Amino acid sequence: MTDKVNVFWFRRDLRLDDNLGFFKALHGKYPVLPIFIFDSEILNELPKDDARVTFIFNTLQKMRDALQEKGSSLAMYQGKPLDIYKQLIKDFDVQNVITNHDYEVYAQDRDEEIKTFLAQKDIDFYTFKDQVIFEKNEVVKDNGDPYVVYTPYKNKWKAAFNEDKHLKIHYTSQHLDALIEHSRLPNLSLSDIGFTKSSIEVPSYDVRPTLIQEYENTRNFPAVDGTSHLGPHLRFGTVSVRKMMRKAISEKNETFMNELIWREFFMQILWHFPKTQHNAFRSKYDRITWRNNEEEFEKWKKGETGYLLVDAGMRELNKTGYMHNRVRMLVASFLCKHLLIDWRWGEAYFAEKLLDYEQSSNVGNWQWAAGSGVDAAPYFRIFNPITQVDKFDKDKTYIRKWIPEFETDKYPNKMVDHKEARERCLKVYKEALAS
Ligand SMILES: Cc1cc2nc3c(=O)[nH]c(=O)nc-3n(C[C@H](O)[C@H](O)[C@H](O)COP(=O)(O)OP(=O)(O)OC[C@H]3O[C@@H](n4cnc5c(N)ncnc54)[C@H](O)[C@@H]3O)c2cc1C
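In short: position in the sequence shown from 1, add 5, done, that's my numbering.
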């Protein structure tokens with residue numbers, strides 16, 4: 006058994022700087038042992054060349070290298086977190102475990118289990134708010150109820166927000182000597198955890214002043230690279246949300262700031278209403294008789310519906326792990342409304358493919374598209390997949406990029422007639438909601 010240590014557990018906060026939990030750990034009484042666990046419960050569900058696993062793995066290797074330059078390292082493990090902790094407390098004299106909050110339902114259960122186990126061994130488990138500005142029930146109505154409509158939530162969020170207090174940066178580089186001196190902590194390769202390198206790379210994010218200043222003029226057009234690509238970086242914490250909020254403020258871009266607030270809105274919704282991960286927020290919508298035709302689902306997945314913007318979006322997703330937000334709204338609406346396929350099927354497909362997959366945002370936006378969620382579009386507002394092209398990809402630049410056979414007879418015919426599908430949808434929704 007070595008000397009006493011505090012463990013810092015990296016999860017979805019994969020950066021060394023402005024990481025609140027890590028900062029707190031470095032200011033503790035004992036040397037810090039940084040660890041990461043490839044959780045087999047999560048990994049077992051993923052394809053073996055999952056791009057997100059490659060991204061996590063590469064990021065961890067860079068962090069490990071950076072810490073090794075300081076004479077320390079990052080210990081990597083694979084397995085069930087509880088089993089890892091059982092072993093860890095045999096290998097090290099662990100005094101405290103420190104980590105950042107994780108709000109997803111699975112994560113909360115996992116943390117509760119670890120906390121209980123550690124408590125039996127007289128080890129404290131401390132967690133900090135790091136991935137959002139406001140969490141859980143920090144922004145609620147005056148009577149304590151959660152907001153389920155975005156605009157009043159956003160207004161209260163802004164009223165409670167104080168730049169000096171909430172965007173304080175926690176620099177760690179001066180404090181890395183608080184890490185344990187040990188450059189040979191356990192390492193893993195991608196193949197050790199049963200994965201191979203993905204051909205899809207997570208693109209870097211772009212928050213140059215010009216992009217943020219121009220954001221509202223360009224963000225709706227998928228052919229223009231006018232959004233930040235922050236999604237996966239906020240998801241895995243390779244960037245600090247405080248720094249990004251600072252960018253929005255320094256460039257005085259309210260719209261960009263509001264998008265970051267949408268992320269927190271959906272996070273607090275999932276935290277207050279965990280049932281929405283599987284069930285409609287408005288329970289009447291669980292009565293919809295979905296058609297759930299598997300062949301039609303396959304066509305949607307492959308981008309072979311015969312509707313150009315829908316198909317371009319699905320092909321972009323399949324090839325890159327990304328889809329522009331405008332197009333996400335359209336493909337989601339098309340699946341639920343034109344094809345009457347359960348939003349949960351679409352949500353699961355996005356979860357498998359999106360580099361920026363975030364349960365709260367994915368469920369929240371899918372339920373928005375299906376009409377069943379908080380602040381959702383009324384069910385009778387159905388995107389027209391033809392006029393959406395005129396509005397958002399008028400000269401078909403985006404479509405041409407993803408559908409090379411466009412304008413040839415190889416491109417499939419429309420799988421449903423827009424008008425008929427629209428009427429069918431209205432009928433089915435009306436019946437479900439009336440009963
Ligand atoms: C059906 C559907 C599913 C979606 N699934 C996800 C998901 O799994 N993960 C995810 O992060 N976003 C999801 N979104 C929201 C949005 O499409 C992405 O956040 C955005 O396209 C990511 O690109 P970006 O980083 O360039 O965004 P930007 O436009 O540059 O926005 C900056 C950041 O603001 C946040 N943001 C922007 N729009 C939204 C929104 N509508 N809801 C929540 N946060 C938002 C994201 O963190 C985003 O990275 C989904 C949208 C739809 C319609």
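All residues carry an ideal CB built from backbone N, CA and C; glycine is no exception.
This one's a predicted model, so the numbers in the text were calculated from it and none came from an experiment.
- Comparing C-alpha distances from residue 335 to each of 279, 389 and 160 shows the shortest one belongs to 389.
- The three-state reading of DSSP puts residue 302 in helix, counting H, G and I together.
- DSSP places residue 133 in the uninterrupted beta strand (DSSP E) bounded by 129-133.
- Counting every other CB atom within 10 Å of its CB across the protein chains shown gives residue 154 a total below 16, marking it as exposed.
- In the structure shown, the three-state DSSP call for residue 326 is coil.
- When C-alpha distances from residue 416 are compared across 178, 308, 94 and 238, the shortest belongs to 308.
- As for any alpha helix (DSSP H) of minimum length 4 sitting wholly inside the region 160-241, the runs are 168-171, 214-223 and 236-241, ordered along the chain.
- Looking at the DSSP output, residue 281 shares a beta bridge with no other residue.
- Here DSSP, grouped into helix, strand and coil, assigns residue 81 to strand.
- The continuous stretches of beta strand (DSSP E) do not include residue 110, which lies in the alpha helix (DSSP H) extending over residues 110-125.
- Contact check for residue 138 and residue 171: beta-carbon distance about 5 angstroms, within the 8 angstroms limit, so the pair qualifies.
- Secondary structure at residue 88: helix, using DSSP grouped into helix, strand and coil.
- In this structure, the C-beta of residue 361 approaches ligand 1 to less than 7 angstroms from one of its heavy atoms.
- Shown here for residue 426: same chain residues with a beta carbon closer than 6 angstroms to its own, the five before and five after excluded, namely 343 in chain order.
- Between the alpha carbons of residue 107 and residue 117 lies a gap of roughly 11 angstroms.
- DSSP lists 98 as the bridge partner or partners of residue 9.
- In this structure, the CA atom of residue 22 is about 14 angstroms from the CA atom of residue 239.
- The three-state secondary structure of residue 38, taken from DSSP, is strand.
- Relative to the non-hydrogen atoms of ligand 1, the Cβ of residue 355 comes within a distance shorter than 7 angstroms of at least one.
- In summary, residue 285 is buried, with 16 or more beta-carbon neighbours lying within 10 Å of its beta-carbon over all protein chains present.
- Contact check for residue 18 against residue 351 fails: the beta carbons are separated by 8 angstroms or more.
- Boundaries of the alpha helix (DSSP H) harbouring residue 403: 402-407, taken from the DSSP string.
- Within its own chain, the residues whose Cβ lies closer than 6 angstroms to the Cβ of residue 321, once the five positions on either side in sequence are excluded, are 328 and 407, listed in chain order.
- Taking 8 angstroms as the cut-off, the Cβ atoms of residue 103 and residue 12 count as close.
- Judged by the Cβ position, residue 236 qualifies as a neighbour of ligand 1 at the 7 angstroms threshold, a heavy atom of the ligand being closer than this.
- Around the beta carbon of residue 53, fewer than 16 other beta carbons lie within 10 angstroms, which makes this residue exposed.
- Residue 58 holds the alpha-carbon nearest to the alpha-carbon of residue 197 among 58, 16 and 354.
- Under the DSSP assignment, residue 28 falls in the alpha helix (DSSP H) whose first and last residues are 25-31.
- The straight-line gap separating the alpha-carbon atoms of residue 299 and residue 306 is approximately 10 angstroms.
- Within 7 angstroms of the C-beta of residue 371 there is at least one heavy atom belonging to ligand 1.
- With respect to residue 38, residue 80 sits close: the two C-beta atoms are nearer than 8 angstroms.
- Three or more pairs of CB atoms, one per stretch, sit closer than 8 angstroms, so the region 392-410 contacts the region 223-230.
- Not one heavy atom of ligand 1 falls within 7 angstroms of the beta-carbon of residue 317.
- An exposed status is given to residue 422, since fewer than 16 other beta-carbon atoms sit within 10 Å of its beta-carbon.
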